[in-house]
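Report on the structure given below.
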Amino acid sequence: MSYDLVVIGTGPAGYVCAIRGAQLGLKTAVIEKDKTFGGTCLNVGCIPSKALLHASHLFEEAAHDFAGMGIGVSKPKLDLKQMLSFKQEGVDGNVKGVDFLFKKNKIDTFKGTGKITGPDKIEVVTGNGKAEVVEAKNIVIATGSDVTRLKGIEIDEKRVVSSTGALTLDKVPGKLLVVGAGVIGLELGSVWRRLGAEVQVVEFLDRILPGMDGEIARQFQRILEKQGVSFKLGSKVTAVDTKGKTLKASVEPAAGGKAETLDADVVLVAIGRVPYTQGLGLKEAGVELDERGRVKIDDHFQTNVKGIFAIGDVVRGAMLAHKGEDEGIAVAELIAGKAGHVNYDAIPNVIYTYPEVASVGKTEEELKQAGVAYRAGKFPFTANGRAKVNKTTEGFVKILSDDKTDKVLGVHIIGPDAGTMITEATITMEFSGSAEDIARTCHPHPTLSEAVKEAALGVDKRAIHM
Amino acid sequence: MATEIRVPTLGESVTEATIGKWFKKPGDAVKADEPLVELETDKVTVEVPAPTAGVLQEIIAKDGQTVTIGAVLGSIKEGAGGAASTGSAPKDKTVPAAAGRPDQKTETTKPVAAGPTPIQPRSGNEQRVATDNAQAPSVRRLGAESGVDPASVSGTGRDGRVTKGDMLAAIERGPSVANAPSQQMRAPSPADDASREERVKMTRLRQTIARRLKDAQNTAAMLTTFNDVDMSAVMKMRAEYKDAFEKKHGVKLGFMGFFVKACIQALKEVPAVNAEIDGTDLVYKNYYHIGVAVGTEKGLVVPVVRNADMMSIAEIEKTIADFGRRARDGQLSIGEMQGGTFTLSNGGIYGSLLSTPILNAPQSGILGMHRIEERPVAVKGQVVVKPMMYLALSYDHRIVDGREAVTCLVRIKEGLEDPARLVLDL
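As they're listed, the protein sequences go chains A and B.
Letter by letter, the first sequence follows residues 20 to 485 in the working numbering.
Letter by letter, the second sequence follows residues 4 to 429 in the working numbering.
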């Protein structure tokens, strides 16, 4: 078979790319090596972790907050097996959705491992070893990423787990040691903390959430500590002894010094992800990688080989599903001769803990380092009517805008529903809008989003409710 | 069946208008093409004719309201004849393009080249923002407060939109505009004075005149050179041929024809005065569209005599007379006021002795004419009385040198003092 477009990988970048290509009239096929479509995000990433975050948050609320609202319930009991199948139902529903969308858009699907054997040929090897050759005028590599491993620590996905294993623990660990205070570690650490585990997070750097705004990260750390998560910053895990019934992790200061041993029932390694290019035949096809093992692409997502493109986690940029999706749309449009484009300055980033953390654009640290003169407007949820009445007053909104032009440069929110509220900031940035533009846009009352408006007013030192 | 009355296209760069006055009330019978409503734009007042005959059913945009191009102003209920068309609604079945139909992909799909077709980089100005309403709220506020029209600012935002930063920069570029915003707040008057004040909304035309004059002052390095001209020859010629001219051409022989001709001859010799600045380029215009300022009840308008260099004096006089008549009636079209390369302003008809006209941007020169009066002048050692007029040429010193400006004005003077030079092209 010969196609206009063949996408390798059906994660958010790949499947969205295929659908957009089909919409534009390209004869399109996808190749997926896993049993189900959807990639890491839908199967073992964003989606299942959100199911567990949602369920565990309600579990915690039922235990701690219901009584205060006048809802009398006996102490909630955890049925972990049911919670995991609740999660799995959600995953299955989403995965089936992708299947449906492929059919709806008449996209052919090949289940097997794709290997590029020429600039327009892909060999697909199925589970039973049969090989099939697919011809493609344009190939899009969307193979995503894999868990970063830590030297000296072997992941067995039972006791020493990656994010994948941490989504399917069959019982709540007594002690969970999380290696890495990034998004994944803090989300999954939160889940098991709420369900009863004692959670300790070890981070190599001296702060959590590297790359996020420092003020946000500090407040977030305080909130998590209040929730019972403990942190060991500036430390590294050098080994995990799995011989005994209890795991023994060797932890030493990042700067060097005396090692100590921490006990744990489960160790979660969440130090990041690496591009996944194994077995793709890139070397043979002459596709270049960069120094960090990512597929090298130009401004139009094309590799050094004409007709071979790459998007998503396997290329430069943040490893975020929505970034990959937008790249998928852009590359499909470019291949179809249209003007696809991704604005990397306006890609939001969300941590789905409670409260949520969301940001878009530059942090204060980045602006300072770049020597950009800016103004900051901040507004705490303690002064927001809706947050007050819901007793969800943790967190604040911070808007950073250019001192001269008032153009919004970055927005950082910590608070309930931050992930939903960040969108108005992203749209503003996409249109090069100013803080005043947000401030002069009517926001519904009473909502948490009014805090965004107030922060925008705060840039001009004229917040109303402060 | 009702027919919508819409705001017609009013010429390039005009995006909105203000309803001046409705001539008809709902319920009034109207004839096709009968003027229904007056619209004021930045440049002219236009009348919107009835698209069809019938009865004015509804007025949607009221007097004083601002409307965009294409907006619905009201509707006309067609007469009995019109009501007969009771056919079913038109079947507006859109046929989807094959490219958008994944189910039609096999044969109809546009083949995609193996080496993908060169990918077009996103070109900056794909779309222009259609109306003021498309501007961001901060931009609208700054526009209202500073008097800088966002439509005149080039945008750096998505799809060329104007951002707050663009507006701030534009306001800063014209410092006096920023310092003296056209909508500046006025300190309240004492109560007994206030009762004797009358507050009238500036017409769009007035606002535009104000803004454009101020823009010209802020942009050009403007100064004025003066001279005087002995009008004896022109007046003699006029007295001699007045009747014959009017008989043949059906228009009075005035002064403007001579002035236009004299100016064109001078502009040909000093092309910088007929040029304009575009960024870092000078654009020399080898055509002569001469604007003639006409005062009207509502304000100043400047219709343009196009290709005046190719016209006879009679044709110029006819054109100007027609402009004057239609300007008074508010009937000039926008096209008739665009594209001038040089302007004549005759303050003499109101008795002005001397003035310094302001440039009609982006032009680089404007000639001010003044009253003709008999003055004693020395000719060959003798004091004689001559009909004299002062001439003032304001010019943009960025592009026109003093020598050029003075030469230009002297050439105009010479052409008028000895009209034979105009005929002989001297």
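Glycine residues also receive a C-beta, built at the ideal position from the N, C-alpha and C atoms.
Within the DSSP secondary-structure output, N157/A pairs in a beta bridge with L24/A. Proximity of S451/A to chain B, defined by a Cβ-Cβ separation below 8 Å, is satisfied. Under the three-state reduction of DSSP, D312/B is assigned to helix. Taking all protein chains shown into account, G112/A has fewer than 16 neighbouring C-beta atoms within 10 Å of its C-beta and is therefore exposed. In this structure, L252/A and R226/A form a Cβ contact; the two beta carbons are roughly 7 Å apart against a cut-off of 8 Å. In the structure shown, P272/A falls within a strand segment according to DSSP collapsed to helix, strand and coil. Counting only runs of 3 or more residues that sit fully inside the region 16-43 of chain B, the beta strand (DSSP E) segments are 19-25 and 38-43, in chain order.
Under a 10 Å Cβ-count criterion, N310/B is classified as exposed, with fewer than 16 other Cβ atoms of the shown protein chains found around its own Cβ.
If only complete runs of 3 or more residues are kept, the region 373-420 of chain B shows the beta strand (DSSP E) at 376-382 and 385-399, in order along the chain. Looking at the DSSP output, N368/A sits in a beta bridge with S378/A. About 13 Å separates the beta carbons of I354/A and A161/A, which is beyond the 8 Å limit, so they are not a contact pair. Around the beta-carbon of I90/A, fewer than 16 other beta-carbon atoms lie within 10 Å, marking it exposed.
For R292/A, the enclosing beta strand (DSSP E) begins and ends at R292 to P294. By the criterion of a C-beta distance shorter than 6 Å, A37/A is surrounded in its chain by V26, T47, V49 and I126, once the five residues flanking it on both sides are discounted. 8 Å or more divides the Cβ of T211/B from the Cβ of D399/B. Ranked by Cα distance from T445/A, the first of E455/A, D436/A, V427/A and I141/A is V427/A. Only buried fits E413/A, as 16 or more other CB atoms lie within 10 angstroms of its CB. Residue burial annotation: Y244/B is exposed, with fewer than 16 other C-beta atoms found within 10 angstroms of its C-beta. Look at the region 424-459 of chain A and you find these whole runs of beta strand (DSSP E), each 3 residues long or longer: 427-434. Taken atom to atom, the span from the alpha-carbon of K170/A to that of I290/A is near 11 Å.
By the rule that beta-carbons nearer than 8 Å mark a contact, K149/A does not touch chain B. Between the C-alpha atoms of T299/B and A330/B there is a straight-line separation of about 7 Å. It is roughly 25 Å from the alpha-carbon of I418/A to the alpha-carbon of A173/B. Annotation: Cβ neighbours of T460/A in chain B (cutoff 7 Å, chain order): P140.
Each residue's CA atom was taken as its position, placing F26/B and A317/B some 37 Å apart. In this structure, the alpha-carbon of P422/B lies about 25 Å from that of G327/B. Of the other Cβ atoms in all chains shown, fewer than 16 fall within 10 Å of the Cβ of S155/B; this residue is therefore exposed.
Excluding the 5 residues flanking it on each side, F250/A has same chain C-beta neighbours closer than 6 Å at V220, in chain order. The Cβ atoms of L61/A and N157/A lie no closer than 8 Å to each other. Under the 8 Å criterion on CB atoms, G160/B is classed as interfacial with respect to chain A. For the region 344-363 of chain A, the residues whose beta carbon sits under 7 Å from a beta carbon of chain B are, in order, L353, I354, G356, A358 and H360. Within the same chain, and ignoring the five residues on either side of A81/A in sequence, the residues whose Cβ sits closer than 7 Å to its Cβ are V92 and P95.
Proximity of the region 340-348 of chain B to the region 292-307 of chain B meets the contact definition, three or more beta-carbon pairs being nearer than 8 Å.
The beta carbon of G302/B sits closer than 8 Å to the beta carbons of T206, L208, R209 and I212 from its chain, once the five residues preceding and following it are set aside; these are given in chain order. Close CB contacts of A381/B within its chain, under the 7 Å cut and outside five residues either way in sequence, are absent. Within chain A, the residues whose beta carbon sits less than 9 Å from that of G168/B are D421, K423, T424, D425, K426, S451 and S453, listed in sequence order.
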